[in-house]
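Protein chains in written order, with my numbering: chain A, 195 to 291; chain B, 9 to 514; chain C, 3 to 256.
All C-beta atoms in this analysis are idealised placements derived from N, C-alpha and C, irrespective of residue type, glycine included.
In this text the structure is predicted, and so the values were computed from the model without any measurement.
Below is one structure, written out as structure tokens; the observations come after it.
Put into structure tokens, the structure is as follows:
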């Protein structure tokens, strides 16, 4: 039980930490990292849920695997948009000079 | 309250098809990647999709009970079930009609191969996500479906290709990811406490304990971010106004409704023991604020598409009146409010899609959509302005449109539950919407001064099909007004005891 | 909070909200987090009934590893949609302009550095074998399509970083690779309907084989999509650095 508690508390702590980061850090890359930290917090809670006495529940494991792929996809899309904007801003600045 | 008797009819095999068909269309359009053929096949796919959904609608009425389809044959707790009831079938119906019109509109709207090669696969993946969300009976599956909707919407907004649209897309993506994470945390807590992900099973076992409150709060914050209820609406206007017109139409008409649908499911059914009357009233309060703020911002908007986007913020506010109206009085008044809101969702979807299509046509024809420069636009864009006017009438709630019936039903349910203050909100909201709609229409119908007409005449001819699509949807809002009974009767096939779990709250 | 997004590298690290508001928000988030922890402690964990059902049904699923059974049989619909999520991002990030080259094109830059040659000769083939092993082992031990796809993508990215080869993501073959996983999954989901009456309901005798087919297709698609994501991000970043001399200065100094 105590082990479960440690994992859950850590998971929720990471989730809250990421939440603060997303809201109050201006830089877009840091925001993205914060979102990923939040995601890891959620996955930790799920993994803590999976462990029972005697059996390990495969369903949360599958959920975490799915969640990771979705997180990778979302992060990649955000990064792509970021680089895209940055590129265009630089060309605009170059043109205005 | 258990699931009503499960009758398996042959038409139920159409349910996986409703999701599989758009997925196949996406793969097909990705492989073809030729603008003309992609467009043709997409219209064909959209027509087949419409036929399939219409078949589902008529068979559901014949069977008269909720459908469950066990994907993989495992059944509820182990596998994932598709669930279809009155509420979801009404949303499915709205999706189908809007998808058919937007697909036809897009076939004429997108021309460059750079845009079409991305638009069609992304568009069909979005449709698959929407259908998956409306049919899903599983909390985690809903997460994946919402993620498909969110990411494909972001990618579609970014198709516009200018810095402001891509920035709006990035903000939308961040908000969407954050919302999904909050939702997933809520689902994780529910799974931890109750050991199942199936919504029907959850609604039977969930109790009003602290962990359910926490889960419901997280799920609500996540979904409210995605639905853009007032304090969390900041991302919506730039994203919906910056996207290409057909994408704006789909986003405002359908995408925000998907997360609202999930939210309604959780508050009224799955987690209803944890939903206190105060919390439901709070949601209604934010909805009322959204109505006023949305109308106010729409009146001040400088660009036509931005005005329509703010009008979405306002109209979303009406949907949230569902929660206080179901809160006070038990199942019968509650189901009337739910029927009103389901009907409002369809009416708003048609009207808003028509409005964005008209705005897109005007923007394409004139080369700009600044409201101040729209003076006299009716002389060369009569059909688009007429479409805008009918859709506007539905948003205001004028008869004989669908919007009128929806407001009428909402008013009725507010009167029945004795909550007069919501009556005032609904009526004032209608008046304020009239202000911004007429602001545009008066300008459009005012004759241009002689010297100006030579400087700002029509520049680009636009395809007839684009105008026809918007017009068809505008006609559909009126047709909806005359067929209210037909649509509302689906609400009798209600659902996993949708409101049976909501006891009259103290 | 989201209205101001910073893109510059040297931008101030935090938003310009006042310290008081930030402190209060930090305290609020901390309090909410603690309440969340308390609510979790207050509730008993549910009995592992679903876990038991899953473990009991494994013999019917066609694989022995419970996680693979959940991912590709019990809740295969989730995995189907998840592959669609990857496809969305891949389509969104496809390059705009088409080069008129075949799927793979080599340039004249032959790598000469011994480390690079070692990488190409040893590490990459090993990664491919490792990926195949992970795919195969997924049936009875931790592993499977995602792990295999990730390792394969790692090999592909390493190969592209050598800069001798380029992929043209707009070729029909490239698009076919991207769509393969989803297409095969949907087709298998549909073809089992006549046999069992339910979409995605594999006949027990063929379940293992069908899952393997889906996993192979998914591995190839996942690997290809991941390579595309990394390669496109790197390409765009490079394109952005090249014309701006001011940007490269920092790199030279460091």
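Rounded straight-line distance, which links the Cα of residue j to that of residue i
{"i": "residue 50 of chain B", "j": "residue 94 of chain C", "result": "18 Å"}
{"i": "residue 101 of chain B", "j": "residue 294 of chain B", "result": "28 Å"}
{"i": "residue 209 of chain A", "j": "residue 234 of chain A", "result": "7 Å"}
{"i": "residue 240 of chain B", "j": "residue 262 of chain B", "result": "18 Å"}
{"i": "residue 347 of chain B", "j": "residue 437 of chain B", "result": "20 Å"}
{"i": "residue 55 of chain C", "j": "residue 197 of chain C", "result": "24 Å"}
{"i": "residue 199 of chain A", "j": "residue 41 of chain C", "result": "12 Å"}
{"i": "residue 223 of chain B", "j": "residue 233 of chain B", "result": "16 Å"}
{"i": "residue 105 of chain C", "j": "residue 231 of chain C", "result": "16 Å"}
{"i": "residue 164 of chain B", "j": "residue 156 of chain B", "result": "12 Å"}
{"i": "residue 7 of chain C", "j": "residue 271 of chain A", "result": "16 Å"}
{"i": "residue 473 of chain B", "j": "residue 366 of chain B", "result": "12 Å"}
{"i": "residue 30 of chain B", "j": "residue 273 of chain B", "result": "24 Å"}
{"i": "residue 289 of chain B", "j": "residue 448 of chain B", "result": "34 Å"}
{"i": "residue 299 of chain B", "j": "residue 196 of chain A", "result": "48 Å"}
{"i": "residue 169 of chain B", "j": "residue 119 of chain C", "result": "41 Å"}
{"i": "residue 53 of chain C", "j": "residue 259 of chain A", "result": "17 Å"}
{"i": "residue 225 of chain C", "j": "residue 274 of chain A", "result": "18 Å"}
{"i": "residue 108 of chain C", "j": "residue 167 of chain C", "result": "4 Å"}
Contacts of residue i in chain C (Cβ-Cβ under 7 Å)
{"i": "residue 35 of chain B", "result": "181, 184 and 185"}
{"i": "residue 257 of chain B", "result": "Within chain C, no residue comes near residue 257 of chain B; the closest Cβ sits about 19 Å away, beyond 7 Å."}
{"i": "residue 118 of chain B", "result": "Under the 7 Å cutoff, chain C gives no residues; its nearest Cβ is about 14 Å from residue 118 of chain B."}
Where residue i meets chain A, residues with beta-carbon distance less than 8 Å
{"i": "residue 274 of chain B", "result": "Those do not exist, as residue 274 of chain B stays about 17 Å from chain A at its closest Cβ, beyond 8 Å."}
{"i": "residue 178 of chain B", "result": "222, 272, 275, 276 and 279"}
Where residue i sits in the DSSP three-state scheme
{"i": "residue 308 of chain B", "result": "helix"}
{"i": "residue 21 of chain C", "result": "helix"}
{"i": "residue 167 of chain C", "result": "strand"}
{"i": "residue 198 of chain A", "result": "helix"}
{"i": "residue 260 of chain C", "result": "Past the boundaries of the shown model lies residue 260 of chain C; chain C is included only from 3 to 256, so the question cannot be answered."}
{"i": "residue 243 of chain B", "result": "coil"}
{"i": "residue 77 of chain C", "result": "coil"}
{"i": "residue 76 of chain B", "result": "strand"}
{"i": "residue 195 of chain C", "result": "helix"}
{"i": "residue 206 of chain B", "result": "strand"}
{"i": "residue 249 of chain A", "result": "coil"}
{"i": "residue 277 of chain A", "result": "helix"}
Contacts that residue i makes with chain B (C-beta to C-beta distance below 9 Å)
{"i": "residue 245 of chain A", "result": "Chain B residues near residue 245 of chain A: none, gap ~11 Å exceeds 9 Å."}
{"i": "residue 199 of chain A", "result": "Result: empty, since nearest Cβ-Cβ is about 12 Å, beyond 9 Å."}
Same chain, Cβ closer than 7 Å to residue i, neighbours up to 5 away in sequence not counted
{"i": "residue 318 of chain B", "result": "245, 302, 305, 306 and 309"}
{"i": "residue 216 of chain B", "result": "281 and 282"}
{"i": "residue 468 of chain B", "result": "372, 373 and 375"}
Interface partners of residue i on chain B, CB under 8 Å
{"i": "residue 229 of chain A", "result": "182, 185, 186 and 189"}
{"i": "residue 209 of chain A", "result": "189 and 193"}
{"i": "residue 87 of chain C", "result": "152, 155, 156 and 159"}
{"i": "residue 239 of chain A", "result": "193, 196, 197 and 200"}
Under 9 Å by beta carbon: chain C residues contacting residue i
{"i": "residue 84 of chain B", "result": "Per Cβ cutoff of 9 Å: no residues; residue 84 of chain B is ~10 Å from chain C at best."}
{"i": "residue 139 of chain B", "result": "What residue 139 of chain B touches in chain C: nothing, since even the nearest Cβ is about 11 Å away."}
{"i": "residue 234 of chain A", "result": "None at all; the shortest Cβ gap to chain C is about 15 Å."}
Contacting residues, own chain, Cβ-Cβ under 8 Å from residue i (five flanking each side not counted)
{"i": "residue 136 of chain C", "result": "145, 146, 149, 150 and 153"}
{"i": "residue 54 of chain B", "result": "107, 108, 111 and 112"}
{"i": "residue 97 of chain C", "result": "171, 172, 234 and 237"}
Limits of the beta strand (DSSP E) - the one that residue i falls within
{"i": "residue 451 of chain B", "result": "Premise fails: residue 451 of chain B lies in the alpha helix (DSSP H), 428–453, not in any beta strand (DSSP E)."}
{"i": "residue 88 of chain B", "result": "88–92"}
{"i": "residue 106 of chain C", "result": "106–108"}
Cβ-heavy atom distance, residue i to the ligand ZN, below 7 Å
{"i": "residue 34 of chain C", "result": "The model depicted lacks the ligand ZN and carries no ligand whatsoever."}
Amino acids of chain A, ordered along the chain, whose beta-carbon sits closer than 7 Å to that of residue i
{"i": "residue 175 of chain B", "result": "279"}
{"i": "residue 148 of chain B", "result": "257"}
Extent of the continuous alpha helix (DSSP H) run through residue i
{"i": "residue 408 of chain B", "result": "Residue 408 of chain B -> no alpha helix (DSSP H), and no H or E assigned at all."}
{"i": "residue 116 of chain C", "result": "116–120"}
{"i": "residue 516 of chain B", "result": "No answer is possible for residue 516 of chain B: the residues shown for chain B start at 9 and end at 514."}
{"i": "residue 135 of chain C", "result": "126–139"}
{"i": "residue 227 of chain B", "result": "218–235"}
{"i": "residue 21 of chain B", "result": "No alpha helix (DSSP H) holds residue 21 of chain B; DSSP gives it neither H nor E."}
Cβ-based neighbour list, residue i, same chain, cut-off 6 Å, excluding 5 preceding and 5 following
{"i": "residue 393 of chain B", "result": "386 and 452"}
{"i": "residue 249 of chain B", "result": "313, 314 and 317"}
Neighbour list for residue i in chain A, Cβ cutoff strictly below 9 Å
{"i": "residue 306 of chain B", "result": "Chain A residues near residue 306 of chain B: none, gap ~27 Å exceeds 9 Å."}
Beta-carbon neighbours of residue i, restricted to chain B and to distances below 7 Å
{"i": "residue 177 of chain C", "result": "38, 39 and 41"}
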